[in-house]
Structures are given as structure tokens and as C-alpha cells.
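Undergrad: Structure incoming, see below.
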Amino acid sequence: NIPDDPVRNPNKVSITELEYRHATQRKIPVLIFIMADDHPLPDKLSESENFFEPSEESKKKLAALKDELKTTHVVGFFKSPEDLRAYTLQALFDPEVRARAAGIAAAPTPPALVLITPLPLPPDLYAEPKYTLISTFVGRSHELGLLDDWAASADSLMVVEAIGGMGKSALTWEWVNQRARAALKPDGLMWWSFYERGATMSAFVRHALAYLTRQPPDALKDGDPKEHFKQLQRELAKGRYLLALDGLERALVAYHRWNAAQMRDDSVETAESIIKQRDIRACTDPRDDEILRGLLDCGASKILITSRLLPLTLEDKTGQPCKGVRHIHLNGLAPQDALALVRDSGVTVHDERIFEQFTGRFGRHSLLVKLVAGRVNHHRQRRGDFDHWYAFTGKDLKLSDLQDDLKQNQTHILKYAFDDMSAEERLFLSQIAAFGDALPYATLSLFNPYALPAPERGEKLEAMRDDTDTGEERQAWQARIDVVNAPDPAYLTAQADYEHYLKSAEHRKALAQFDGLLSDLEDRGLLRWDK
């Protein structure tokens, strides 16, 4: 809206610009938010009879104002009302942003352009996503000490290597959250998991750069990945940052397959790769190898990596870690750590010598120790009593005392963890094992083996409905599904029967049985739940 007033608005500028000029003349702090070019025009506005296309002169004035704002102010670009809300709240409550806004008008030179971002601001931890530490972290004091030593050294990169289930993610998450600040005094901390869908090396670089420069990650989507990494190197060299890359094996040839989450580590070397004639420890994308090598040259900043394999590009020609790279090969727990772990799970152990001998036969593999604790807690004669369980069951397990039979012993423990499970539990585990990521309860409940399934409906519309974020959207899609299926008498009958079933005692019983199934699998150590 442009006020028609030759005295108070001789330049015929908009009310927004008049307000801005007035604020800067009076040295009132300003916060600038500009709608992104690809922000959709609200339907109600575009359909309004009062809506008109701005003139070419108005467009030029608006472009000139935006250029001025972007070069002399802190600016946030929003693509949705949710973006605008997040940026506004952050700006109002962040002291540094408020200070910049208050000092802009009087500044002799334009300040550096810093975009307001929905990401945490350094030095706060930015975790994408946060790692779920299900139980209390116990033990690994030696390995934690090695990470402390690395933090105090001149080496810039550490690789924690271990087979699946050994606890490498839990160890590094514990150190990042509980000890890294004291050991490093970093300007910022970032945790990036390659176990999530869509988590690539280029996405990591983009998000890391966005975090360090306080930009929305989407603002960097269209940029050149190589230039992004060069900028990231420069930003890392300006301070002392810690970047943790969890599960890097997903970027390596060995695990570049659809079923990477289910792959056994002892079958990696014999599994057929879709990338022929490449070392299994090389990165799938050669550009990722370049990024890993480039992370060795980032000043005082540190890079912490967990992986099932040591990346080939971080080795020299002799097969040793490159200069600036440290390497921890995570093996089984120390005897006292294994003891502390089962006791934390509610298991009592009186004869520690027998416990040490028994767990030593399978290398005190972290996951297997938890599985044993689960079976001891399931021991019906005396729940949670290791000594009684061992005399009754444990000593009869076919575990060799020979170190060469370690993998065979581990297989026996895994098989034992699955023994005496019900058919429903086995079916449920086989179904959810196809998922590589964590699942919400609503998704798990779809596989409730005790419940009747919902009647089949329009599959494509149903997928759209399940992808919605709000209850209102879900109801709208459900209404469309009902319209599509309305001509089908069989569907209407089935739907009415199912609605009646959801209110029945039979359905309540199925929910209770499912809750018991989840609890049993959790107690066995086969299912983890973020409470």
C-alpha cells in the first residue's frame, strides 16, 4: 500500500518503507525478514478481487529496498509462516541478534551479513538427529580417556572403529555431551548421523556450513558443493569446532546397498557390491574421499568419526593412519564395565569370577551382554539373579573357551536370545527389521499381530493421508478416501464393522497384548525404546 500524500510521502514509497525510514532515523532497533522468492502466494490473496499486479515502477522500488536491506542489515528469509515464527522468536530472544539490530543504524560501516537460522547457535550443540541413549551410559573409562588425550593433541581427526552393536555411537555421544566442552572448550559442536535417510556427505557439509555461518540450510541448497566445502574449511579454521560424523560406513562401498542396516559385519568382505572393482573401504562417491582428506586441514577444529570400517582415504601407503589421524578399534567391554552394565539393567551378580569367564567367551560384546541381562531378567525361577540363571541355564550354553571360536560363540548367544519367543514376536521382529531407521509407536502399531487390520482403502490417497502433519489435514484426506470408496458397498460395510471393532473389548485386549509383546522384546534387549 502506497499512501498518496505529496507532503509526507513525496517519493511515493510503501508504508513498510516509511516505517523502516522512520525507525532508522530515530535509531530504533530493527529486525528484517524478507519473504523468499519461492514463497507461495496465499490463496485468499490471489483470489481476492482487490488484488492487483504491482507496476514496474513499484517492482523496481521494492527490489531496490531489498538490496539495501540485504547489504546493511541482519536479514532472515522465510518460506512459510512457520519459518517466520521461528526466526522471529529466535531474534527476539537471542542477545547477539538484538545487539546487532540495535547498533545497525549508527554503525559507520555495514556489518557482516548474518542470516537468522532455525538451527541452534554456536556454541550450542547442533545434533542431526540427536542420538537416543536408551539406558545409563556405563564403563568405557579407558576409551573416554583416549578421546580426552586426542582432544589435547595436535591431531585433527579421530576414527572410532567397531563392529555393529559394540557401542561406538553411545561412546562418542557420551564424550561429545559430557566431556568435549571441558577437553576442547569448542566454539561449537555438531553431531551428524549417516544412519538417517538422506544423510549424505554433501548434506553434512551444507548443514555444517549453515550451522557455523548461522544460515538456514535451505539457503545453501542451490550452491556449488565444492565451494561449500571450501567455505566450511575457512570457517572451521577461524575457531575451534568439533564435528562428529556417526556411522560413516554408510558412505563406504562395503555398506552401499539397500539392506545396509541388516548386514552382518562378518559378511562384508564376501558380500557383492554394486560398485565393482573398488576397495570396500573407499567412499562410494570419490568426492567424499576428498572431503575426508580436506577435513584434516581445518586449523584447530576437530573431527570425530565412528565407522564399522576405517576409511581407506585416511590411511597412508603403509596401511597406517595418515598424519593427523588417530584410530581407536573398539573391542568388547572390560570385565568391570560388563559387570556394571548388567547391574544397571537390574541383574544381581554374586560370583564375579564366573560372570567374567562366561562373558569373556563371547568377547563381552556390548549388545550381547545386554541380551544376556535380558534373559537373566526373564529367568522365571529367580528373575534377575545371574548366579541362579547360570547354574540353571547359562552353563549349558554351547560356548567354547577357545578365542578362535569368538564369532561362533556370539552367534550362539544371539540364537539363545531368540529362543522361546512366541510366533507373534518372531513375526513382528521380522517385519520391523526391514526398517533401517527408528519408528514411532503409531507405525509399530500397524504391525500389531493381535489386532484386526483396517479394511483396504484407496492406496494412493491413503499414502497422502499418512504423510500429513496435522489432524485437520488427515481428516481432509480421509474424507476424500471415503468419497472415492463410497460407491463400494463392501467397503462401507467393512468400514462400519472396523469402527465398531475399535470400540470393542477385543480391540482393547489386542492393545494390551501388543504392549506386553513390546515390553518382552525390550526386556530381552531386542528392541530399544526412547521413553
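Going letter by letter, the sequence shown gives residues 1311 to 1841 in this note's numbering.
By construction, the Cβ of each residue, glycine as well, lies at the ideal position given by its N, Cα and C atoms.
Are residue 1683 and residue 1835 closer than 8 Å when you measure CB to CB?
TA: yes
Undergrad: Roughly how many whole angstroms lie between the Cα atoms of residue 1571 and residue 1832?
TA: In this prediction, residue 1571 scores a pLDDT of 49, lower than 50, which makes its location untrustworthy; the coordinate-derived value is nonetheless stated afterwards. Roughly 19 Å separates the two Cα atoms.
Undergrad: So is residue 1825 in contact with chain C if we call contact Cβ pairs under 8 Å?
TA: Note that chain C does not occur in the displayed structure, where there is just one protein chain.
Undergrad: Classify residue 1687: buried if its beta carbon has 16 or more other beta carbons within 10 angstroms, exposed otherwise.
TA: buried
Undergrad: Is the segment 1446-1456 close to the segment 1510-1523, with three or more CB pairs under 8 Å?
TA: Flag = no, the segment 1446-1456 and the segment 1510-1523 do not touch.
Undergrad: With a CB to CB cut of under 7 Å and the five nearest residues on each side skipped, what residues in its chain are close to residue 1700?
TA: 1664, 1668
Undergrad: Go ahead and pull the three-state DSSP assignment for residue 1383.
TA: coil
Undergrad: Taking the C-alpha atoms as reference points, what is the distance between residue 1565 and residue 1621?
TA: Straight-line spacing of the CA atoms in residue 1565 and residue 1621 works out to 12 Å.
Undergrad: Contact between the segment 1634-1641 and the segment 1591-1605: three or more CB pairs below 8 Å?
TA: no
Undergrad: Under DSSP, the beta strand (DSSP E) around residue 1554 begins and ends at which residues?
TA: 1551-1556
Undergrad: Helix or strand or just coil, what does DSSP make of residue 1338?
TA: Coil, per DSSP.
Undergrad: In whole angstroms, what separates the C-alpha of residue 1740 from that of residue 1458?
TA: Whole-angstrom Cα-Cα distance: 40 Å.
Undergrad: Whose C-beta lies closer than 8 Å to the C-beta of residue 1430 among residues of the same chain, with five residues either side of it excluded?
TA: 1436, 1521
Undergrad: From the DSSP output, in three-state form, read off residue 1628 for me.
TA: coil
Undergrad: In this structure, does DSSP put residue 1470 in helix, strand or coil?
TA: strand
Undergrad: Where does residue 1840 fall in DSSP's three states?
TA: coil
Undergrad: Tell me the DSSP secondary structure of residue 1438 in three-state form.
TA: strand
Undergrad: Report the option in 1762, 1742, 1761, 1760 whose CA atom is closest to the CA atom of residue 1753.
TA: 1742
Undergrad: Quick check on the DSSP output: what are the complete alpha helix (DSSP H) runs of length 4 or more inside the segment 1653-1712, in order along the chain?
TA: 1662-1670, 1676-1687, 1696-1702
Undergrad: Take the Cβ of residue 1290 as the centre, count every other Cβ of all protein chains shown within 10 Å, and call the residue buried at 16 or more, exposed below.
TA: Residue 1290 is absent from the structure shown; the chain starts at 1311 and stops at 1841.
Undergrad: When we look at the beta-carbon of residue 1302 and count the other beta-carbons within 10 Å, is it buried (16 or more) or exposed?
TA: Only positions 1311 to 1841 of the chain appear in this structure, which leaves residue 1302 out of reach.
Undergrad: Can you check which of these residues, 1630, 1781, 1501, 1591, is closest to residue 1442 by C-alpha distance?
TA: Residue nearest to residue 1442 within the set 1630, 1781, 1501, 1591 is 1501 (criterion: CA-CA distance).
Undergrad: Relative to the alpha-carbon of residue 1657, which residue among 1697, 1666, 1792, 1516 has its alpha-carbon at the smallest distance?
TA: Closest by alpha carbon: 1697.
Undergrad: Straight-line CA distance for residue 1388 to residue 1376?
TA: 14 Å
Undergrad: To which residues does DSSP link residue 1636 through a beta bridge?
TA: 1468
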